[in-house]
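Undergrad: Dropping the structure in here first, questions after.
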Amino acid sequence: MSAGPGAGVVGTATARPSTAFRVERGTLASRLTAIVGLVLLAILAAVPAWGTSGMMKLLVEFLTLLAMAQMWNLLAGFAGLVSIGQQAFVGVGAYGIFVFLNLVHTDIVVALAGTAIVGLGVAAVTSLFAFRLRDGYFAVGTWVIAEVIRILILLSPALGAGTGVTIRPPAGLSAGGRLDITYWLALVVGFGSIAVVALIMRSRLGLALRAIRDGEMSAASVGVNVQRTKRIVFLVAAVGCAVAGAVYYLQLLRIQPNAAFGVDWTARMIFIVVIGGLGRIEGPIVGAIVYFTLREVLADYGAAYLAALGLVAIAVVVIAPRGLWGVVESRLPALFAVQRRLVVTEPPATSSIDSRKEPGPT
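Just so you know, we're using my numbering here: the sequence shown kicks off at 672 and counts up by one.
Right, here's the structure in full:
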């Protein structure tokens, strides 16, 4: 017998492997940012060994205002809660550090921890009223709450009754030692605020915040507790502003209620965030650098300094609505990897040939 035509090699291809996926949390740019941040922190931590007192005071102000701006950005940029009353917690922090150092007589670290707890308590109480309001009413309501707290301070004889108070550091602590401690605390507050926001945005809470920012009704429909999420962020921002305010006034030592509860605190936070970029961790960093640069360059020009700040704010809002960082972020990788990235790992196409040779003619 002989085989028919077409006898020879018969090939069968196996199924192609399925496409694989993996989720990445960090990027090369974010890892390099973390390394650069740690190196910068180490360099700044050594400033008391070689820097001047004027440099340290300027850095304390920069770091504390950066922390406040990060907290306001967390509220408005990520949670959509536009508050113009964050000065309430700056003032609470200032008087909190006074109470714990002057009246309770604790050390500085314990006083700062106690101030954070007081700020948390005040925020928890005020949130019961503030969260009954929405949108513009919420913004105005936070300012009214700040004014109420300021008036209560003005009516309190133990807190100066409007004449102001002076913070007395613990006995035995020299002026230089106090400045060193204040500076190191400001480093912790400034860098810590960035780390806290980054960790929040990398967590489930951050996912909930992004969902709320995109649409509250949509977020609620997929199971996000909108009110609880916003309240958590409100409390975190209040504690951050209170601690930053405490460190700032620990350097200044003199507290005036109208200054501590002045709305210009919130105005500076808003300016820094809007200039740098709303809803981005990098935004307040860029905005704080721009703000302090303009202030130091134009401070000798009197009213022209304020006019220049206003012109810069208007120009940025018109030309770059997403802020200065928003202009360059499309050309640069994200410095803070706060969003999960889905990476497709598609294996190469493979096939196997099952060679079978039929019997030849006999």
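Quick reminder that beta carbons are idealized off the backbone N, C-alpha and C, glycines included.
#1: Could you work out which residue in Val763, Val775 and Tyr854 is closest to Val789 when comparing CA atoms only?
#2: From which residue to which residue does the alpha helix (DSSP H) around Ile755 run?
#3: Indicate whether Val731 and Tyr854 have their beta-carbon atoms separated by less than 8 Å.
#4: Would you report the Cα separation of Arg803 and Phe809, rounded to the nearest angstrom?
#5: Please confirm whether Val961 has its beta-carbon closer than 8 Å to some beta-carbon of chain B.
#6: Suppose you measure from the CA of Phe963 to the CA of Asn773; what does that come to, to the nearest Å?
#7: On a CA-only basis, which of Gln922, Val867 and Gly973 is nearest Val1055? Give me that one, please.
#8: Pair every Cβ in the region 822-841 with every Cβ in the region 753-760, then say whether three or more of these pairs are closer than 8 Å.
#9: Helix, strand or coil for Val836? Go by DSSP, reduced to three states.
#10: Going by other Cβ atoms of all chains shown within 10 Å of its Cβ, with 16 needed for buried, is Arg902 buried or exposed?
#11: Which same chain residues end up closer than 7 Å to Asn929 when comparing Cβ atoms and leaving out the 5 residues on each side of it in sequence?
#12: How many angstroms separate the CA atom of Ile952 from the CA atom of Ile946?
#13: Under DSSP, the alpha helix (DSSP H) around Ile706 begins and ends at which residues?
#14: Mark Ala723 as exposed unless 16 or more other C-beta atoms lie within 10 angstroms of its C-beta, in which case mark it buried.
#15: Can you list the alpha helix (DSSP H) stretches of 4 or more residues lying completely in the region 860-932, in chain order?
#16: Mapping DSSP to helix, strand and coil, what is Asp778?
#17: Using the C-alpha atoms, what's the distance from Gly948 back to Gly877?
#18: Can you tell me where the alpha helix (DSSP H) holding Gly997 begins and where it ends?
#19: Do you know how far the Cα of Ala869 is from the Cα of Asp1025?
#20: Smallest Cα separation from Tyr766: which of Pro1004, Ile943, Ala713 and Gly833?
#21: What residue range is occupied by the uninterrupted alpha helix (DSSP H) comprising Pro1004?
#22: Please classify Ala846 as buried or exposed, where buried requires at least 16 other C-beta atoms within 10 Å of its C-beta.
#23: Helix, strand or coil for Val934, going by three-state DSSP, please let me know.
#24: Compute the minimum distance between the beta carbon of Ala1005 and the heavy atoms of the ligand GTP, and state whether it is under 7 Å.
#25: Would Ile883 and Gly751 qualify as a contact pair, given that the criterion is a beta-carbon distance under 8 Å?
#26: Would Ser864 be called buried (16 or more neighbouring beta carbons within 10 Å of its own) or exposed?
#27: By Cβ distance below 8 Å, which residues in the same chain neighbour Ala829 in space, the five residues on each side in sequence not counted?
#28: Exposed or buried, Pro955, counting other C-beta atoms within 10 Å across all chains shown (16 or more means buried)?
#29: Could you pull the start and end residues of the alpha helix (DSSP H) that Ala975 belongs to?
#30: I'd like the list of long-range same chain contacts for Ile871, defined as Cβ closer than 6 Å, with 5 residues on each side in sequence excluded.
#31: Leaving out five residues on either side along the sequence, give the residues of the same chain with a beta carbon under 6 Å from the beta carbon of Cys912.
#32: State the DSSP-derived secondary structure class of Met724, mapped to helix, strand or coil.
#33: Rounded to whole angstroms, what's the CA-CA distance from Ala990 to Val999? Just pull it up for me.
TA: So, to answer that:
#1: Val763
#2: No alpha helix (DSSP H) contains Ile755, which DSSP labels as neither H nor E.
#3: The Cβ atoms of Val731 and Tyr854 lie closer than 8 Å to each other.
#4: Cα-Cα distance, rounded: 8 Å.
#5: Considering every chain present, this structure includes no chain B. It has just one protein chain.
#6: 32 Å
#7: Past the edges of the chain, shown from 672 to 1033, lies residue 1055, and the structure says nothing about it.
#8: no
#9: In the structure shown, Val836 adopts extended strand secondary structure according to DSSP, grouped into three states.
#10: buried
#11: none
#12: 13 Å
#13: Looking at the DSSP string, the run of the alpha helix (DSSP H) that includes Ile706 is Leu699 to Ala716.
#14: Residue identity differs from the one stated: residue 723 is Thr in this sequence, not Ala. By the neighbour-count rule (16 or more Cβ atoms within 10 Å), Thr723 is not buried but exposed.
#15: 875-885, 887-892, 897-923 and 928-931
#16: coil
#17: 18 Å
#18: Gly994 to Val999
#19: Here the model assigns Asp1025 a pLDDT of 47, short of 50, so the residue's position is not dependable, and the following value carries that caveat. Distance between the alpha carbons of Asp1025 and Ala869 is about 54 Å.
#20: Gly833
#21: Per DSSP, Pro1004 belongs to no alpha helix (DSSP H) and is neither H nor E.
#22: exposed
#23: coil
#24: Ligands displayed in this structure: none; no statement on the ligand GTP is therefore possible.
#25: yes
#26: Per the 10 Å Cβ criterion, buried.
#27: Setting aside the 5 residues that flank it on each side, Ala829 is surrounded in the same chain by Leu774, each with a C-beta closer than 8 Å to its C-beta; the list follows chain order.
#28: The residue is buried, with at least 16 neighbouring Cβ atoms inside 10 Å.
#29: Run containing Ala975: Ala974 to Ile990, per the alpha helix (DSSP H) assignment.
#30: If the five residues before and after Ile871 are omitted, its C-beta is found closer than 6 Å to the C-beta atoms of Gly877, all from its own chain and listed in chain order.
#31: Taken in chain order, the residues that qualify are Met739, Met742, Gln757, Phe760 and Val761.
#32: The sequence given here places Ser at residue 724; Met does not occur at that position. Three-state result, Ser724: helix.
#33: Just to set this straight, residue 990 is Ile in the shown sequence, not Ala. Ile990 and Val999 have their alpha carbons spaced roughly 13 Å apart.
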